[in-house]
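There are 2 protein chains.
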Amino acid sequence: MNPRLTIALDAMGGDHAPGMVIAGADIARERYPKATFLLFGDQSRLEPLLDRRQALRAVSTIEHTTDVVANDAKPSQALRSGRRSSMRLAIEAVANNQANVVISAGNTGALMAMAKLVLKTLPGIHRPAIATFFPTQRGESVMLDLGANAECTADNLVQFALMGSVFARTVLGLLEPTVGLLNIGSEEVKGNDSLRTAASRLRATPMPMHFKGFIEGNDIAAGTVDVVVTDGFTGNVALKTAEGTAKLYTEFLRRTFRASFMAKLGYLLARSAFKKLRMRTDPRRYNGAMLLGLGGVCVKSHGGTDALGFANAVCVAIDLVVNGFNERIKDEMHRLDTARSALSEPGVVAV
Amino acid sequence: MNPRLTIALDAMGGDHAPGMVIAGADIARERYPKATFLLFGDQSRLEPLLDRRQALRAVSTIEHTTDVVANDAKPSQALRSGRRSSMRLAIEAVANNQANVVISAGNTGALMAMAKLVLKTLPGIHRPAIATFFPTQRGESVMLDLGANAECTADNLVQFALMGSVFARTVLGLLEPTVGLLNIGSEEVKGNDSLRTAASRLRATPMPMHFKGFIEGNDIAAGTVDVVVTDGFTGNVALKTAEGTAKLYTEFLRRTFRASFMAKLGYLLARSAFKKLRMRTDPRRYNGAMLLGLGGVCVKSHGGTDALGFANAVCVAIDLVVNGFNERIKDEMHRLDTARSALSEPGVVAV
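Here the protein sequences come in this chain order: A and B. Positions 1 to 351 (this note's numbering) are the ones given, in order, by the first sequence. Positions 1001 to 1351 (this note's numbering) are the ones given, in order, by the second sequence.
Here it is, written out as structure tokens:
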């Protein structure tokens, strides 16, 4: 492993790549002056961008390739025909220990498929999951899975809970994060078999987290738990529903302040307070979906983000590496296995 | 059927019953002076409430019972032991043609189970669904199912699409509502078998709606379609996630206006504009979850609502009856069957 932290970037992924990627890398460089960058992409397009950023150039190496994974490529198609793509080569840099972490703003499905193939999953983790953090009434929480696995077994959910709690400890700095399984109202028969089995396992297994049982959709934004665990279908719908609702309320607010002369004047007075609110809820602050459970740190930036958003995704990735995220997951999985073996001893009912 | 519209009310259901129910009925009476009310509940508690509302008393009959379905009763338990409950008797009034519609703010699971047992489902509808409408960027939309059926077949989803579009035409007054199936991002393999089969059936079957295919979570608040169709698990999570996010933004707004003296002054100036926003997004406006697909009109009010919210639920129920909602669903189901038979003729591939 490189003594300095090395960041592999898919320089060609994202709606505004490569300009946005290079500008984002430059912001990340200012925050982490000890990092070096491997830029995977078209040299003829990257060189002119670096010419204008000499400080970044000094810590960057271009790894030339002209292949790019298309935004609408199916994962299987990207796997077959994208072996020389900027995305694939950037991921391989992590597998080959040339880089500590990879960030791409490209095609999510392709990134997940390639990362799984190249980096493999961590021992004991059957399926990787996509996680993100978001603002709540009580601060910030983490949710996973957000779309990598539409259907999940109880084992998958238990592993997501473990990875999510390690994430909350690593990135949010919580000592004993609270974890909840997303389910529907207590008046109904609660959820499917996977959910019920996962809940009973999480209750029975000693882990460094506080399992709070089932939570409901409204608990997500309330911040009832630090880690929201769910299957990829439900998590994807919930996250996008929350984003859509946030947009709706921002639009309502805009209309309200334009409704009358007095309201406009009111906005002028409250403007600096609203500036703080906008910063607090800025989607770029929460840019960066983490692919957890892989044998290397891989972060997906939103495809439509700008340089600041991309830099935030890079910084989350660096946080994960610096705090030994994957080593901690391996430790937890080992402890979990030990605890389970103990529980499976003859005479003790395994859960 | 009664020549005047008769409303059966579970007078004992809800956190603030029976006071809230009686006060709500009085508001509904003002809006629909031709309605009469059957109040199911404890006479000794209802009489004093009616004493203070002589106009309501004049159009009301108390049907005495002291049994009440507990808020935490399981559906099966309520079915067994709640035969003389205010909820059960109110539903039976619709089945016996004593009333045109029933409204309860009690236990949702019990209401659904009892309504299914007593009112049965409409011909061709395998499962009833819970629907509500909500504010969007473009006006108002309908979503179903919200929790009656955690897992759904393709047939269920197609029937929900049909019922939802009839609902949008009846209550929202739309001529040809747009319908979307809630799914996850286009980058993933899209959804499960039920979703894909339902989509191909909705594309192939001629119905008085415009099927727009798959939509995502962010499309809900955007108002991309008039009718959002989904299984009860996803719908329940999505609705509650949207509610939680709306609450979060309201709280952010409150904090923002309290952040400084200038911001407080700004609020005073914009106050009347914000009053309109509050009215627009008042949860009481959207109170009333409709149990669609039953052989009688049954509406669930939110348990924690007040008199105004309960009155809104009563008015939605009246709207459904006045506009012949169930007759329209029967017509559509008949047309759908005819269209399907035509498609199933030899030589034509059935969908």
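Glycine included, C-beta positions come from ideal geometry on N, C-alpha and C. On a predicted model such as this, the values are computed, not experimentally measured, just so you know.
- When C-beta atoms of the region 1006-1016 of chain B are compared with those of the region 1029-1043 of chain B, three or more pairs fall below 8 Å, so the two segments count as touching.
- Beta-bridge partners assigned by DSSP to A:M143: A:T132, A:V228.
- Between B:F1167 and B:V1229, the C-beta spacing is not below 9 Å.
- In this structure, the alpha-carbon of A:V142 lies about 47 Å from that of B:V1322.
- Fully contained in the region 1248-1324 of chain B are the following beta strand (DSSP E) runs of length 3 or more, in chain order: 1289-1292, 1297-1300.
- Annotation for B:A1199: the continuous alpha helix (DSSP H) segment containing it runs 1193-1204.
- Distances from the alpha-carbon of B:N1236 to those of B:N1183, B:R1203, B:A1198, B:A1148 put B:A1148 closest.
- Within the region 1266-1292 of chain B, those residues whose Cβ lies closer than 9 Å to any Cβ of chain A are, in chain order, G1266, Y1267, L1268, L1269, A1270, R1271, S1272, A1273, F1274, K1276, L1277, R1280, T1281.
- A contact is defined here as three or more CB-CB pairs under 8 Å, and the region 1256-1271 of chain B fails this definition with respect to the region 1094-1102 of chain B.
- Secondary structure note for A:I62: it is in no alpha helix (DSSP H), and the uninterrupted beta strand (DSSP E) holding it is 60-64.
- Non-local C-beta neighbours of A:L79 in its own chain, meaning closer than 8 Å and more than five positions away in sequence, comprise A110, A113, M114, L117, ordered along the chain.
- Contact of B:G1139 with chain A is not assigned, every C-beta pair being separated by 9 Å or more.
- Within chain B, no residue has its beta carbon less than 8 Å from that of A:K34; the closest one is some 34 Å off.
- Judged by their CB atoms, B:I1184 and B:M1290 are not nearer to each other than the 9 Å cut-off.
- Non-local C-beta neighbours of A:T224 in its own chain, meaning closer than 6 Å and more than five positions away in sequence, comprise I215, ordered along the chain.
- By the CB criterion at 9 Å, A:L162 and A:L46 fall outside the cutoff.
- For the pair A:I318 and A:G293, the CB atoms are not nearer than the 9 Å cut-off.
- Here the region 1080-1093 of chain B makes contact with the region 1064-1071 of chain B; the two share three or more CB pairs at distances below 8 Å.
- In the structure shown, the three-state DSSP call for B:A1028 is helix.
- Secondary structure of B:D1072 (DSSP, three-state): coil.
- In the displayed model, A:H126 falls within coil according to three-state DSSP, outside both helix and strand.
- The Cβ atoms of B:A1198 and B:L1146 lie no closer than 9 Å to each other.
- From the beta-carbon of A:K330, no residue of chain B is found nearer than 8 Å; the closest lies around 28 Å away.
- Annotation: A:V297 to B:S1301 spans about 48 Å, alpha carbon to alpha carbon.
- Nearest in C-alpha terms to B:R1254, of all of A:P283, A:V94, A:Q137, A:N97, is A:Q137.
- Taking 9 Å as the cut-off, the beta carbon of B:E1176 is found closer than this to the beta carbon of B:H1210.
- Nothing from the region 302-314 of chain A brings a Cβ to less than 8 Å from some Cβ of chain B.
- Under the 10 Å beta carbon count, A:G139 is surrounded by fewer than 16 other beta carbons and is classified as exposed.
- In its chain, beyond the 5 residues on either side, A307, L308, A311 have a beta carbon closer than 7 Å to the beta carbon of A:I27.
- Between A:A273 and B:A1259, the beta carbon gap of about 4 Å places them in contact (Cβ cut-off 8 Å).
- Within the same chain, and ignoring the five residues on either side of B:M1020 in sequence, the residues whose Cβ sits closer than 8 Å to its Cβ are G1014, A1105, T1305, D1306, A1307, F1310.
- Taking the Cα positions, B:F1133 is about 12 Å away from B:T1281.
- In terms of Cβ geometry, A:G232 and A:N107 do not form a close pair [threshold 9 Å].
- Out of B:M1279, B:L1277, B:R1285, B:T1256, the CA that lies nearest to the CA of A:K275 is found in B:T1256.
- Between A:R201 and A:G213, the C-beta spacing is not below 9 Å.
- Looking at the backbone, the Cα of B:L1172 and that of B:V1179 are separated by about 14 Å.
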